[in-house]
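Visitor: Residue numbers (my numbering), protein chains in the order written: chain W, 65 to 385; chain Z, 1272 to 1544; chain S, 1272 to 1544; chain V, 2 to 258; chain R, 2 to 258.
Even for Gly, the Cβ is constructed at its ideal location relative to N, Cα and C.
Predicted model, so just to flag it, every value in this text is computed and none were measured.
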Ligand SMILES: Nc1ncnc2c1ncn2[C@@H]1O[C@H](COP(=O)(O)OP(=O)(O)OP(=O)(O)O)[C@@H](O)[C@H]1O
Ligand SMILES: Nc1ncnc2c1ncn2[C@@H]1O[C@H](COP(=O)(O)OP(=O)(O)OP(=O)(O)O)[C@@H](O)[C@H]1O
Ligand SMILES: [Mg+2]
Ligand SMILES: [Mg+2]
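Printed below as a string of structure tokens:
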């Protein structure tokens, strides 16, 4: 490869996870590289958690990232809007509340006094779980109640499920499917049921505000590839799944079992729509829970969909507002 | 006979081979006698004392006390080591009480006995002092009190005053002579200092270089208290010194070898118990 | 006069108040003279030596060497400390070369000079030995070689043989007398051992207890080499001892107070440089 | 007099340090989300203590630390004693201890979570694995380095059996054991923080609070918790070890330092 | 003769240990995902070395360790020297060093990532913060505890200026400095593992491989990496510190231990 200077580089972060399908496939088959052409060299950075990606962007080491909504909101709010923008959606759906089949949980009320795991405090599923539990009328342990939300790394959730130390978990896919297949779990609630049209954002693309200002052309090229990938995946999900799993195996050493992949895939949708309404809802919930500081978050300006809409227009697709 | 040493010899096995500290030695010591051992460095004086104390086993031969063979350490034979070997984690008073505690003397009695012996060595005011707060001479006196408190029949003293300055040494010589006159213990006393041996001993036994054997005995019949600077002492000492020097030169040449050997001995010595 | 001590006094300030080590002292020492200082413990002998060496400053008065006032340490006045103070991270040879390196002697010459002095103290074979492998007497001899290698005009010796056993001490007395006869250094020698002072000194100066002043001077005109067990030496020593003892008893009572004071001094002494 | 001057110097130094930090933060060379300011940190501290989370965090971590350390100290001294006195044990278990000591205790966390689950035991296990071995090794070394002279002197004065262990061997090794305890404590503290940073738990210690700060990209919280951790570290060191060490040093006459 | 017997005993002990482990694993009292077996671990080790990930992991971690430790050692000795000799510095910066030493270095990770990003520097920073301060404090203590006699003797022999520092003060403190280095190394190693467990990175060290095993719920991998970590810990200790310590002990004549 030719020695490209810092300026001629696009550094993209994503997770080896099915919710980041466009990134995984796009890097694997060279779609992004082709779209950027000689303009800039691509640099893939693999993360396994949203806050780490935000840290990297804060530190000026990441230009673009596939990421969940709440880390993006955190980053936006903590930097007072200075650090980043959301420029497109990636995935909708794909989060479930799984209960242990033998925990005797038949109705929502049975969750009283139980331990419910989430992947990370303040992350998308954590906020959703807390908001939902409070809506069911439970008092959480922090508020002096007896129902407890336990932020736990996903692999540990699997272990603790097997050891029957937690009773339920609000997790993203494919962990939902894995809990069902590998740890005697039962889907209790598909988060899609909670949102209008069953749509809510699970992953979207953020860009560092500085990079967007300085290199809009590169961002546009990247988005064009992203939209193209989205369409391709939706057109032929079977082959997309295959490519996706091959890439996951390459990055983590282990493919997902077919059954798990199929189940998980069925509960999510690949889209370039960032589903603004769900993000605002999620942010409100996070604020209510005290994760976003003392003042209600001001998310005006977190979206910058100009480039996305320009790309869509070029492809004769309807714009997103 | 209070103490009978019968054909005792000792051979050390170390990685470098074996080393015979002394050839069969025979020696009788009467009750209440004060015997001094002199001999070149490394000839086996400490080893012999350890064997008598029961802290070391002879390779051959046996030691009898009042006719009974010594097989292990016993509080009727107490050793006083060169550098006092007080326990730094105990204060002076507790050091003196240590042995009494070990042999099961009741607490109130312990206190009384310990105080008595501290008074005897003129350290009553220092009973609460820590060991490191004492001068070398004071330490030796505590060690003597600690040993006497057990009321042993036999005191074994291994160069107890070797590290002291001359003045302190003189004072302790007087005190030791006084204590011995009062208590009439049997004392075996190892030293490198010929005049010291002459001042203290009823009998001075000169050992040869390794493997040690008894080279000559001197009976010292000078009246007590003897003074280290009296002509009589200096005269006797000169005769003994002359005898010693023959060997000392031989052993001097051996210094380098000895240093190495002693380092090894330290290593081996680690698992004493 | 080689060395003139003019109205020197020293007062230490510590947390507990101030302590006067000695009152104004006046003393003249001729070139090539061997002067021994005797005095009760804590009277200020070491302090005086340190002042002469330039390692300590007098509170009042001054020290002149060849007429020039001493203001700092200088290699024409070298001290030999009680416990040799060899550097354990250097072997014997490097210890002897240390001072030569400091004053910038070229490497090849350093080697030659150091070897010469090691030979003089009969340690040529031990030049590669580590310090801890030497006996106490050997260490002192290395320290003497290290000091002599700098070819100082004045040797200051602070109880250099205090910790040695009698035999080794005797050997070193002979050697020191021989070295002094050959090199004719000016030597100031501090000791607690009266006989040692008599064996070595042209002049023996007895200091009083703290605050020290010069109590009496003895000129020792015995022929050399003197032997520590000769009647002449013992006789002279007895006279001096009697004088000393007056003070020793006074200072003995002071022991406990002294111990505490010395601990403090150690603390304060930490930032020497 | 001297001491007051020292303290004054220290205060001036730290005030200047904080002022410089505030100036740097206010100068805007780095945004607040990267370089938190003292004022922001102070506010976070105030809020955290007001709503109780910091107090609970401190209490939770301290409790874990003390329990873990107590276990390590007790077991470590006994094991060290055994290794120091029983040759066969030293040659076998001793080698194992040495090997495990080379393993940062945080590496046990994945297994600990598997074995003990969400209970306190998993974190406790990591803490104990952090402190136990260094206390064991220090005790063993202390016992092996005891001058044989003390043993001889003790036997010579009639000491036998457990009295020899309790009244001679252990006291003789005490300075080494205390050094080991201090080291063990410092390993325990480090292990606890790492374990709390890495593991989920039902009650939140300081490490969890730090990790939440990170997860929420709230650097004020991160720095506030760091200050709490430093404070606790210093206080335990001063309150627990300094007096103990001072007493032993005084008894043994081990230099004033 | 004796040595051979020792080694034989050790071998027997460890073979028995592994056999017991295998038996326990095979007995099925716990499923393999909770209690991995030696056979499974051995297979993972073989695979990891065959496909190169383990070698790269070892190399990556070692490189970080060495760089971080070298920085800490150099800076620590200089800082310790300064603190030990300059009173004003000791009273101000010394207090800061003491405070920071109470902070487990892993707590720096969130800030380090923010300041240095994903680069090696973030991990390096945590490693340096782990080792630097203990080396500093040990050097300082070593210098303060140097018998003043050595300084007097040196001045008396004409030593001045930098020669006094280089040829007397530092060598005199060397045993203490080496002890500090050993401690610093052990802190560095622990910090590195914790940092790798907690942070994403571009090149994967052993900590990442361990955390990766955790993420995949692959306990064979976890235990395999733990064994690697132990092996490296032991080897570095033996190869780096044991000879150094032995040499210094020999020179100084500090007991045979
Ligand atoms: N445990 C041991 N293992 C091997 N050799 C030993 C041991 N103890 C003593 N020796 C050796 O036995 C010889 C006699 O030692 P011992 O200590 O009895 O001599 P000593 O006459 O007391 O000498 P010194 O006057 O120097 O104290 C020495 O050569 C010594 O090195
Ligand atoms: N740095 C110091 N600070 C305070 N007091 C000191 C200091 N150095 C020495 N002293 C005190 O000054 C007095 C004289 O000390 P010095 O060491 O000169 O005595 P000395 O005659 O050499 O005694 P010794 O024969 O015991 O060696 C002692 O009482 C000592 O405690
Ligand atoms: Mg002996
Ligand atoms: Mg003195």
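With distances taken between CB atoms, is the gap from residue 264 (chain W) to residue 99 (chain W) smaller than 8 Å?
Guide: For the purposes of this step, residue 264 (chain W) is taken as residue 200 along the first chain, with counting starting at 1. For the purposes of this step, residue 99 (chain W) is taken as residue 35 along the first chain, with counting starting at 1. No.
Visitor: Quick check on DSSP: helix, strand or coil for residue 368 (chain W)?
Guide: The residue given as residue 368 (chain W) occupies position 304 in the first chain. Coil, per DSSP.
Visitor: Indicate, with yes or no, if ligand 2 has a heavy atom lying under 7 Å from the CB of residue 1463 (chain Z).
Guide: To locate residue 1463 (chain Z), count along the second chain from 1; it is residue 192. Incorrect: residue 1463 (chain Z) has no Cβ contact closer than 7 Å to ligand 2.
Visitor: Figure out for me which residue from W:261, W:291, W:352 and W:206 has the closest Cα to the Cα of residue 374 (chain W).
Guide: In the first chain, counting from the first residue as 1, residue 374 (chain W) sits at position 310. Residue 374 (chain W) has its Cα closest to that of W:291, out of W:261, W:291, W:352 and W:206.
Visitor: By the criterion of Cβ-Cβ separation under 9 Å, what are the contact partners of residue 254 (chain V) in chain Z?
Guide: Taking the fourth chain and counting its residues from 1, one reaches residue 254 (chain V) at position 253. The answer, in chain order, is 1359, 1401, 1402, 1403 and 1404.
Visitor: I need the straight-line Cα distance from residue 1516 (chain S) to residue 87 (chain R), nearest angstrom please.
Guide: Taking the first residue of the third chain as position 1, residue 1516 (chain S) is located at position 245. Taking the first residue of the fifth chain as position 1, residue 87 (chain R) is located at position 86. Looking at the two C-alpha atoms, the distance is approximately 45 Å.
Visitor: Regarding residue 6 (chain V) and ligand 4, is the C-beta to nearest heavy atom distance less than 7 Å?
Guide: By 1-based counting over the fourth chain, the position of residue 6 (chain V) is 5. No, since every heavy atom of ligand 4 falls outside the 7 Å radius drawn around the Cβ of residue 6 (chain V).
Visitor: My understanding is that residue 179 (chain R) touches residue 224 (chain R), with C-beta atoms under 8 Å, so please give their C-beta distance in whole angstroms.
Guide: Within the fifth chain, the letter at position 178 stands for residue 179 (chain R). Within the fifth chain, the letter at position 223 stands for residue 224 (chain R). With a Cβ gap of about 33 Å, residue 179 (chain R) and residue 224 (chain R) do not count as contacting.
Visitor: Where does residue 1333 (chain Z) fall in DSSP's three states?
Guide: As a working mapping, residue 1333 (chain Z) is identified with position 62 in the second chain. When DSSP states are grouped into helix, strand and coil, residue 1333 (chain Z) belongs to the strand group.
Visitor: Name the chain W residues whose beta carbon is nearer than 7 Å to that of residue 215 (chain R)?
Guide: The residue you call residue 215 (chain R) lines up with position 214 of the fifth chain. The answer, in chain order, is 219.
Visitor: Using a Cβ-Cβ cut-off of less than 7 Å, list which residues of the region 140-153 of chain R approach chain S; keep chain order.
Guide: 145, 149, 150, 151, 152 and 153
Visitor: So residue 163 (chain R) is in the alpha helix (DSSP H); what residue range does that whole segment cover?
Guide: The residue labelled residue 163 (chain R) in the question sits at position 162 within the fifth chain. From DSSP, the alpha helix (DSSP H) with residue 163 (chain R) extends over 162-165.
Visitor: Compute the beta-carbon to beta-carbon distance between residue 1307 (chain Z) and residue 1472 (chain Z), rounded to the nearest angstrom, for a pair I have assumed lies under 8 Å.
Guide: Looking up residue 1307 (chain Z) in the second chain gives position 36. Looking up residue 1472 (chain Z) in the second chain gives position 201. Between residue 1472 (chain Z) and residue 1307 (chain Z) the Cβ distance is about 4 Å, and since that is below 8 Å, they are a contact.
Visitor: Should residue 1285 (chain S) be counted as a contact of ligand 2 given a C-beta to heavy atom distance under 7 Å?
Guide: Within the third chain, numbered from 1, the residue matching residue 1285 (chain S) stands at position 14. Yes.
Visitor: Three Cβ pairs or more, each shorter than 8 Å: is that satisfied between the region 131-139 of chain V and the region 181-190 of chain V?
Guide: These segments touch.
Visitor: Measure the CB-CB distance between residue 1427 (chain Z) and residue 1320 (chain Z) and report whether it falls below 8 Å.
Guide: Taking the second chain and counting its residues from 1, the one referred to as residue 1427 (chain Z) is at position 156. Taking the second chain and counting its residues from 1, the one referred to as residue 1320 (chain Z) is at position 49. Result yes, Cβ atoms of residue 1427 (chain Z) and residue 1320 (chain Z) sit closer than 8 Å.
Visitor: CB-CB under 7 Å to residue 365 (chain W), same chain, minus the five flanking residues each way: which ones, in chain order?
Guide: What you label residue 365 (chain W) is simply residue 301 of the first chain in a count that begins at 1. Excluding positions up to five away in sequence, the list reads 145.
Visitor: Taking only beta-carbon positions, decide if residue 189 (chain W) is within less than 8 Å of chain R.
Guide: Within the first chain, the letter at position 125 stands for residue 189 (chain W). Taking Cβ atoms only, chain R never reaches closer than 8 Å to residue 189 (chain W), which makes this a no.
Visitor: Could you tell me the boundaries of the alpha helix (DSSP H) in which residue 95 (chain V) lies?
Guide: Taking the fourth chain and counting its residues from 1, the one referred to as residue 95 (chain V) is at position 94. 88-102 is the extent of the alpha helix (DSSP H) around residue 95 (chain V).
Visitor: Identify which residue in S:1437, S:1481 and S:1297 has its Cα closest to the Cα of residue 1277 (chain S).
Guide: Looking up residue 1277 (chain S) in the third chain gives position 6. Nearest of S:1437, S:1481 and S:1297 to residue 1277 (chain S), Cα basis: S:1297.
Visitor: What runs of the alpha helix (DSSP H), each 4 residues or longer, lie entirely inside the region 175-232 of chain W?
Guide: 188-199 and 218-226
Visitor: Which chain V residues sit within Cβ distance under 7 Å of residue 130 (chain R)?
Guide: The count along the fifth chain starts at 1 and reaches residue 130 (chain R) at position 129. Per Cβ cutoff of 7 Å: no residues; residue 130 (chain R) is ~11 Å from chain V at best.
Visitor: At a CB-CB cut-off below 7 Å, which residues of chain S make contact with residue 1547 (chain Z)?
Guide: Because chain Z spans 1272 through 1544 in this model, residue 1547 (chain Z) falls outside it and cannot be assessed.
Visitor: To be precise: take each residue of the region 206-237 of chain V, compare its Cβ to all Cβ atoms of chain W, and keep it if any distance is under 7 Å. Which residues remain?
Guide: 213, 215, 216, 217, 218 and 219
Visitor: Determine which residues of the region 106-121 of chain R have a Cβ less than 9 Å from any Cβ of chain W, and write them out in chain order.
Guide: 111, 114, 115, 116, 117, 118, 119 and 120
Visitor: Determine whether the Cβ of residue 1475 (chain S) lies closer than 8 Å to any Cβ atom of chain Z.
Guide: Position 204 of the third chain holds residue 1475 (chain S). With 8 Å as the cut-off, residue 1475 (chain S) does not count as an interface residue toward chain Z.
Visitor: Would you kindly report the start and end of the unbroken beta strand (DSSP E) that includes residue 1350 (chain Z)?
Guide: Indexing the second chain from 1 puts residue 1350 (chain Z) at position 79. Run containing residue 1350 (chain Z): 1348-1351, per the beta strand (DSSP E) assignment.
Visitor: CA-CA distance, residue 1506 (chain Z) and residue 1491 (chain Z)?
Guide: Position 235 of the second chain, counted from the start, is the residue given in the question as residue 1506 (chain Z). Position 220 of the second chain, counted from the start, is the residue given in the question as residue 1491 (chain Z). Spanning the two alpha carbons is a distance of roughly 11 Å.
Visitor: In whole angstroms, give me the CA-to-CA distance for residue 1339 (chain S) and residue 1469 (chain S).
Guide: Position 68 of the third chain holds residue 1339 (chain S). Position 198 of the third chain holds residue 1469 (chain S). As the crow flies, the alpha-carbon of residue 1339 (chain S) is around 31 Å from that of residue 1469 (chain S).
Visitor: Comparing alpha-carbon positions, which option in S:1337, S:1336 and S:1318 lies nearest residue 1328 (chain S)?
Guide: By 1-based counting over the third chain, the position of residue 1328 (chain S) is 57. Residue S:1318 is the option with its Cα nearest to residue 1328 (chain S).
Visitor: Looking at chain Z, which residues of the region 1492-1507 of chain S have a Cβ within less than 8 Å of any of its Cβ atoms?
Guide: If the cut-off is 8 Å between Cβ atoms, the region 1492-1507 of chain S has 1500, 1502 and 1505 near chain Z.
Visitor: Taking Cβ positions only, does residue 1614 (chain S) come closer than 8 Å to chain R?
Guide: Because chain S is modelled from 1272 through 1544, residue 1614 (chain S) falls outside the range shown and cannot be assessed.
Visitor: Compile a chain-ordered list of the residues in the region 31-49 of chain R whose CB is closer than 7 Å to at least one CB of chain V.
Guide: Correct list: 35.
Visitor: Who are the Cβ neighbours of residue 209 (chain W) in its own chain at under 8 Å, not counting the five residues just before and after it?
Guide: Numbered from 1 along the first chain, position 145 holds the residue referred to as residue 209 (chain W). Correct list, in chain order: 202 and 203.
Visitor: What residues of chain R sit near residue 77 (chain V), judged by a beta carbon separation below 9 Å?
Guide: Sequence index remark: in the fourth chain, residue 77 (chain V) carries index 76 (1-based). In chain R, no part has a C-beta under 9 Å from the C-beta of residue 77 (chain V); the shortest such distance is about 16 Å.
Visitor: Quick one: list the residues of chain V neighbouring residue 22 (chain R), beta-carbon separation under 9 Å, in chain order.
Guide: For the purposes of this step, residue 22 (chain R) is taken as residue 21 along the fifth chain, with counting starting at 1. Within chain V, no residue comes near residue 22 (chain R); the closest Cβ sits about 12 Å away, beyond 9 Å.
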